[in-house]
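For the numbering used here, add 1 to where a residue sits in the sequence shown, where the first one is 1.
Down below is the structure, laid out as structure tokens.
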Amino acid sequence: MSDRNVSRSAHLLVLLLLGILGIYADDPDQFFDWNVTYLSLAPLGITQQVIAINHQFPGPDIDTVTNSNLFINVHNSLDEPLLITWNGVQQRKTSWQDGVLGTTCPIFPGQNFTYQFQAKDQIGSYFYYPSILLQRAAGGYGGIRIKNRAVISVPFDPPTDDFTVLIGDWYKQNHTNLRASLDRGTLLGYPDGVLMNGRGPFGAFFAVNPGSTYRLRISNVGSALTLNFKIEGHQLLLVETEGSYTEQTLYDSIDVHVGQSYSVLITTDQAPGDFYIVANSRFGSPSLTGVGILHYTNSPAPASGPLPQGPENRDVNFSINQARSIRQNLTTGAARPNPQGSFHYGMINVSRTLIFQNSAPIISGLQRFAVNDISYINPDTPLKLADYFNISGVFSLNSIPDFPSGRTPTLGTSVLSGDFRSFLEVIFQNFEDTLQSWHIDGYNAFVVGYGPNTWNSTSRLSYNEVDAVARATIQVYPQFWTAVMLELDNVGMWNIRSQILQRQYLGQEFYMRVFNPETSTRTESPIPNNAILCGKAAQG
Numbered sequence: 002m003s004d005r006n007v008s009r010s011a012h013l014l015v016l017l018l019l020g021i022l023g024i025y026a027d028d029p030d031q032f033f034d035w036n037v038t039y040l041s042l043a044p045l046g047i048t049q050q051v052i053a054i055n056h057q058f059p060g061p062d063i064d065t066v067t068n069s070n071l072f073i074n075v076h077n078s079l080d081e082p083l084l085i086t087w088n089g090v091q092q093r094k095t096s097w098q099d100g101v102l103g104t105t106c107p108i109f110p111g112q113n114f115t116y117q118f119q120a121k122d123q124i125g126s127y128f129y130y131p132s133i134l135l136q137r138a139a140g141g142y143g144g145i146r147i148k149n150r151a152v153i154s155v156p157f158d159p160p161t162d163d164f165t166v167l168i169g170d171w172y173k174q175n176h177t178n179l180r181a182s183l184d185r186g187t188l189l190g191y192p193d194g195v196l197m198n199g200r201g202p203f204g205a206f207f208a209v210n211p212g213s214t215y216r217l218r219i220s221n222v223g224s225a226l227t228l229n230f231k232i233e234g235h236q237l238l239l240v241e242t243e244g245s246y247t248e249q250t251l252y253d254s255i256d257v258h259v260g261q262s263y264s265v266l267i268t269t270d271q272a273p274g275d276f277y278i279v280a281n282s283r284f285g286s287p288s289l290t291g292v293g294i295l296h297y298t299n300s301p302a303p304a305s306g307p308l309p310q311g312p313e314n315r316d317v318n319f320s321i322n323q324a325r326s327i328r329q330n331l332t333t334g335a336a337r338p339n340p341q342g343s344f345h346y347g348m349i350n351v352s353r354t355l356i357f358q359n360s361a362p363i364i365s366g367l368q369r370f371a372v373n374d375i376s377y378i379n380p381d382t383p384l385k386l387a388d389y390f391n392i393s394g395v396f397s398l399n400s401i402p403d404f405p406s407g408r409t410p411t412l413g414t415s416v417l418s419g420d421f422r423s424f425l426e427v428i429f430q431n432f433e434d435t436l437q438s439w440h441i442d443g444y445n446a447f448v449v450g451y452g453p454n455t456w457n458s459t460s461r462l463s464y465n466e467v468d469a470v471a472r473a474t475i476q477v478y479p480q481f482w483t484a485v486m487l488e489l490d491n492v493g494m495w496n497i498r499s500q501i502l503q504r505q506y507l508g509q510e511f512y513m514r515v516f517n518p519e520t521s522t523r524t525e526s527p528i529p530n531n532a533i534l535c536g537k538a539a540q541g
């Protein structure tokens, strides 16, 4: 991560832009300059094309503080278009900066684009990644840490150090070959291995002092598989997930689903030695294992012996029970001084109930994935630009039904209409035999319930309406439903997608347009002065 040196005149120009964008000029500014390139690396022993940022794989951490203004200048030195999305960072009022095809024109090879957004009223652990053309399967990802302002207390003592731990499944084939397979309607098959911080077995190394406490920010940046994370001889004290401080609970291991992030504390209270850090695949065969090393600085010998074992591979009940045990810490603030429990989401009247059901249809002879029987296709013009410039023929509001339709699956550009400040009950219904992972850009949703089979109105009796954790990425177990509650307080065009990479690429996503009829820069920033125009937006 490198700070840009800017001249006084350039800095004055930036301050002017801050006012235009609705970003507060009295909050700190951070400048990053990234060059996105290919590197030839062999994470699993076979040389392949990997996406790096500033010659780093994984890319540099974004280390910031609540309400900081971020300026990230991305130079595309690849041979294909590029977008970067900020997984879980809410981008208050600025879906323009979301870095997905529904909001932003891609950065073409040889061009650059500066993302400009604020970590507004947010803390926590997140990650970024390239969002188009299956590029996440080639890397290009890195960690994001949003720390509390000094005036806001943290519900645990400062750790000795703070580590980013990026775990994820990995394919040995280049992402271009994987993409060609999907374009032919052939699914990717099972991944080849598991990486930890971009390294294969035993490559990730974390040096720690004995008798200390460390924070690990764990994110599953993979394409397909849930991973169970554990450290030999050490318990994991869960303290935060995607911006919510949690009740501090000890776990031997934690299931991290694709796209999710957790913060845990570990105490180095064992006898001097080296210890295995293990990320095991779940709910699939064969079992894949990523291994790193926790190295005590006074260790007399390298790690040896068998790897620590987690839950049985197909034990879904372990994961369900663990998910239900994760609760929000109501007695502390997050980005603001008021306790998290001061927002009583369970007492708000629901404006609208929606049920989104995933499926895997064959359409025109090719494998696709769908939501409520619509398999999403991207138009040439980003939805956000079409909406802003009133360009017809790009999308229609409410082109995805509120409930599964039962109709013949079709291709379409599906957009949901949401009213600003409405309060939604959203059910993700999964009748497939595979675990699903859903992401909602621009928001954290209260995950109030999980249940088997078909959701119905009596399922509400099992909801947690008091201290459910709020998060942006939500798992749905096989033949299960997951219910979330969501206040639409962030105006914009927001992507709702599968975090399973091949499913999203083949249509399991849609957009939600959150609209405020009262035009105001207090609820949405104007179009950026550096916005790239494409499609029909570039013709007028």
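We put the beta carbon where it would ideally sit given N, CA and C, even for glycine.
These numbers come from a predicted model, not from an experiment.
Check: Limits of the alpha helix (DSSP H) - the one that A1 falls within; Outcome: This structure does not reach residue 1, given that the chain is present from 2 up to 541, and the question cannot be answered.
Check: Cβ neighbours of N530 in the same chain (closer than 6 Å, five flanking residues each side left out); Outcome: none
Check: Residue from S245, Q430, H76, T48 with nearest C-alpha to Q476; Outcome: Q430
Check: Endpoints, the alpha helix (DSSP H) within which L188 is located; Outcome: No alpha helix (DSSP H) holds L188; DSSP gives it neither H nor E.
Check: As assigned by DSSP and simplified to three states, the class of A532; Outcome: coil
Check: Range covered by the alpha helix (DSSP H) that runs through D388; Outcome: 384-389
Check: Beta carbon of R328 nearer than 8 Å to that of E248; Outcome: yes
Check: G46 versus V470 - alpha carbon distance; Outcome: 39 Å
Check: I364 versus S397 - alpha carbon distance; Outcome: 21 Å
Check: Contact set for Y142: own chain, Cβ-Cβ below 7 Å, skip 5 residues either direction; Outcome: P59, G60, F128, Y129, Y130, L167, V222
Check: Y506 - DSSP class collapsed to helix/strand/coil; Outcome: helix
Check: P309 versus R315, I232, T333, residue with shortest Cα-Cα distance; Outcome: I232
Check: For V317 and G111, the rounded distance between their alpha carbons; Outcome: 46 Å
Check: Best match in W456, Q358, F447 for proximity to E466 [C-alpha to C-alpha]; Outcome: F447
Check: At least 3 beta-carbon pairs within less than 8 Å: the stretch 246-261 vs the stretch 325-342; Outcome: yes
Check: Counted within 10 angstroms of its Cβ, other Cβ atoms place S499 as buried (16 or more) or exposed; Outcome: buried
Check: Sequence ranges, beta strand (DSSP E) only - wholly within the stretch 408-493, length at least 3; Outcome: 411-413, 415-420, 424-431, 437-441, 446-453, 474-477, 481-488
Check: Beta-carbon spacing of D253, T227 below 8 Å; Outcome: no
Check: Residues near F516 by beta carbon distance below 8 Å, same chain, minus five either side; Outcome: S418, G419, D420, F421, V492
Check: Environment of S393 [buried if 16+ CB atoms lie within 10 Å]; Outcome: exposed
Check: Burial state of A280 (16 or more Cβ within 10 Å); Outcome: buried
Check: Separation of I356 from G347, as counted between CA atoms; Outcome: 19 Å
Check: Own chain residues within Cβ distance below 8 Å of A120, not counting five before or after; Outcome: T65, V66, T67, N68, S69, L71, V90, I147
Check: Classification of Q540 by the beta-carbon crowding that lies within 10 angstroms, buried from 16 upward; Outcome: exposed
Check: Residue burial classification, L196 (beta-carbon count within 10 angstroms, cutoff 16); Outcome: buried
Check: Rounded C-alpha distance that separates S343 from D275; Outcome: 43 Å
Check: Other residues of its chain near F230: CB distance less than 7 Å, five sequence neighbours each side excluded; Outcome: I168, I219, S254, I255, V257, A280
Check: CB-CB length for L436 against P479, believed under 8 Å; Outcome: 6 Å
Check: Reduced DSSP secondary structure (H/G/I, E/B, other) of Y346; Outcome: helix
Check: Segment contact flag, the stretch 366-374 with the stretch 521-529, C-beta cutoff 8 Å, min 3 pairs; Outcome: no
Check: Bridge partner(s) assigned by DSSP for R200; Outcome: M197
Check: Same chain, Cβ closer than 6 Å to I428, neighbours up to 5 away in sequence not counted; Outcome: I356, W456, W482, A484
Check: S41 beta carbon less than 8 Å from that of I85; Outcome: no
Check: DSSP-derived helix/strand/coil call for I52; Outcome: strand
Check: Whole-Å CB distance - F206 paired with H76, under 8 Å assumed; Outcome: Not quite, the Cβ-Cβ distance comes to about 30 Å (not below 8 Å), so this is no contact.
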